[in-house]
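Chemist:
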């Protein structure tokens, strides 16, 4: 593999790994804040116990997400310095806001929440976790603003003297049409992950408590957590579907090649004919005759245009248009304007499948736990393990589709990925850093999983009446 392939692999590994933690952080922080606020309002002991229990899981995940996120940003200077030089004037602004504003809120107020039990007023203490959640959402917004510029560049001008993109309208960057539909899609997907995790943990502890004949109060508490998580999964899942539909229409307008690649649609349907959507296809993704096992007529036209008779352009036509628009110079550098079809096609479907699967499990959990019922069948444990994992993977499938479907562009219409690599970095450099980071991430994954499983096994701590801490009592990492 050459430097380009290695740099792509390293960025893919670090990005996908980092994004395992992001949706858990955003989704779980909201649920922890909700439980803490409910304790303040109702004085229900279960809510305080769950706030502290889920808060421990959140803190473990937050720490790992922080470490991997910092390493991810280092790569812009390590392997993609040409890209950084070209777009740094624009890309740096939202990233700076993310670090100075959003991350400041997250880290500072998470510390106040961890060490603030009995030290600050109750309502202010509960508010600190809400501020942490707001910080995670703002962080996502600024990161997505930077990414949306790569998908659909706006608010900039090219300095012909320096050959760099320069900021012309920061507000346009923050309100990019792609950003306005991507942000709610990503955030609701994060709530889907948080809800799935709480649902799975609550259901597991409910079954465990029932099998061991534990206290009825614990059974009530975990049942509530399982049902709350299921409700969040269903509501967030509908939000993901609605926002995803809006995103598909914007994508068809600004990146028609990505939508065509998502269906492996090579030829534009004749005028008056709609484009079908294949739920499952065997072979045929390389332009040859496809074998559609399940196909929904006209659905792709609706997803792309909002009309069942709308026209979606095919890959061949778009390739010819891009050749005419961008010329042979870009084509010789990128080889083709067509993204990897198989990866785009299958990640698009896997993304949707995991979301619908989680919603189906959420609906089943609400039904199975009605009227104090407890699903004790052995196969339920498989759902408990699979559901949160599938939602995390679903988020990754969505990002892989988004980034692979944009290829060969790193900034659509302005810079190809091949030209963005650092010119002075050799294959040995990338191999070394990639192997080191991959080994380090593998070790951190073991630590993360073992810590989470250990604290889930322990469950929620027994209720203790909150008490004021003496001024001279030292701070301790325990709550």
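Numbering (the UniProt record's numbering), first residue to last: 1 to 479.
Just so you know, even glycine gets a beta-carbon here, dropped at the ideal spot from N, CA and C.
#1: How would you write the range of the beta strand (DSSP E) that residue 159 sits in, first residue to last?
#2: What is the residue span of the beta strand (DSSP E) that residue 167 lies within?
#3: When DSSP labels each residue in this structure, what does residue 8 get in the three-state scheme?
#4: Which two residues bound the contiguous alpha helix (DSSP H) that contains residue 132?
#5: Residues in the same chain with beta-carbon distance under 8 Å from residue 438, minus the five sequence neighbours each way, listed in chain order, please.
#6: List the endpoints of the continuous beta strand (DSSP E) containing residue 409.
#7: Does DSSP put residue 479 in a helix, in a strand, or in coil?
#8: Report the three-state DSSP secondary structure of residue 296 (helix, strand or coil).
#9: Please classify residue 1: does DSSP put it in a helix, a strand, or coil?
#10: Tell me whether residue 137 is buried or exposed, calling it buried when 16 or more other Cβ atoms sit within 10 Å of its Cβ.
#11: So what's residue 422 in DSSP terms, helix, strand or just coil?
#12: Are there any heavy atoms of the ligand GTP lying less than 7 Å away from the beta-carbon of residue 172, as far as the coordinates show?
#13: Taking residue 487 as the reference, give the member of 103, 82, 10, 44 with the closest Cα.
#14: Kindly indicate the opening and closing residues of the alpha helix (DSSP H) around residue 249.
#15: By how many angstroms is the C-alpha of residue 29 removed from the C-alpha of residue 191?
#16: Quick one: what's got a C-beta closer than 6 Å to residue 172's C-beta in the same chain, skipping five residues either side?
#17: Are there three or more Cβ pairs, one per stretch, closer than 8 Å when the segment 348 to 367 is compared with the segment 379 to 396?
#18: Taking all protein chains shown into account, decide if residue 449 is buried (16 or more other Cβ within 10 angstroms of its Cβ) or exposed.
#19: What's the gap between the Cα of residue 415 and the Cα of residue 366?
#20: Do the CB positions of residue 344 and residue 405 come within less than 8 Å of each other?
#21: With the cut-off set at 8 Å, would you say residue 306 and residue 312 are in Cβ contact?
#22: Taking the alpha helix (DSSP H) that residue 312 falls in, what are its first and last residues?
#23: Based on the DSSP output, what are the partners of residue 415 in its beta bridges?
Modeler: Taking the definition as stated:
#1: Within the chain shown, residue 159 is the residue found at index 159, counting from 1. Segment 156 to 159, the beta strand (DSSP E) holding residue 159.
#2: Within the chain shown, numbered from 1, the residue matching residue 167 stands at position 167. That run of the beta strand (DSSP E) goes 164 to 167.
#3: Taking the first residue of the chain shown as position 1, residue 8 is located at position 8. DSSP places residue 8 in helix when its eight states are reduced to three.
#4: For the purposes of this step, residue 132 is taken as the residue at position 132 of the chain shown. From DSSP, the alpha helix (DSSP H) with residue 132 extends over 122 to 151.
#5: Within the chain shown, numbered from 1, the residue matching residue 438 stands at position 438. The residues 13, in chain order, have a CB closer than 8 Å to that of residue 438 in the same chain once the five nearest residues on each side in sequence are set aside.
#6: Indexing the chain shown from 1 puts residue 409 at position 409. Start and end: 409 to 411.
#7: Mapped onto the chain shown, residue 479 falls at position 479. Confidence at residue 479 is low in this model, with a pLDDT of 45, below 50, so its placement is unreliable and no value can be given for it.
#8: Here residue 296 is taken as the residue at index 296 of the chain shown, counted from 1. Note: residue 296 maps to strand in three-state DSSP.
#9: As a position in the chain shown, residue 1 is number 1, starting the count at 1. Here residue 1 sits in coil by DSSP.
#10: Residue 137 sits at position 137 when you count from the first residue of the chain shown. Burial call: buried.
#11: For this step, residue 422 is matched to residue 422 along the chain shown. Coil, per DSSP.
#12: Absence of the ligand GTP is noted for the structure shown, with no ligands found whatsoever.
#13: Beyond the ends of the chain as shown, which are 1 and 479, falls residue 487; an answer cannot be given.
#14: As a first step, residue 249 is located in the chain shown; it is residue number 249 there, counting from the start. Note, residue 249: alpha helix (DSSP H), 216 to 254.
#15: Within the chain shown, numbered from 1, the residue matching residue 191 stands at position 191. Within the chain shown, numbered from 1, the residue matching residue 29 stands at position 29. About 9 Å.
#16: Numbered from its first residue, the chain shown carries residue 172 at position 172. Same-chain partners within the cutoff: 154, 155.
#17: yes
#18: Translated into positions along the chain shown, residue 449 becomes position 449. By the neighbour-count rule (16 or more Cβ atoms within 10 Å), residue 449 is not buried but exposed.
#19: Position 415 of the chain shown, counting from 1, holds the residue named residue 415. Position 366 of the chain shown, counting from 1, holds the residue named residue 366. Taking the straight line from one Cα to the other gives about 49 Å.
#20: Numbered from 1 along the chain shown, position 344 holds the residue referred to as residue 344. Numbered from 1 along the chain shown, position 405 holds the residue referred to as residue 405. Yes. Within cutoff.
#21: Within the chain shown, the letter at position 306 stands for residue 306. Within the chain shown, the letter at position 312 stands for residue 312. Not a contact, by the Cβ cut-off of 8 Å.
#22: Residue 312 sits at position 312 when you count from the first residue of the chain shown. Note, residue 312: premise wrong, no alpha helix (DSSP H); not H, not E.
#23: As a working mapping, residue 415 is identified with position 415 in the chain shown. DSSP, once it has assigned bridges, lists 411 as partnering residue 415.
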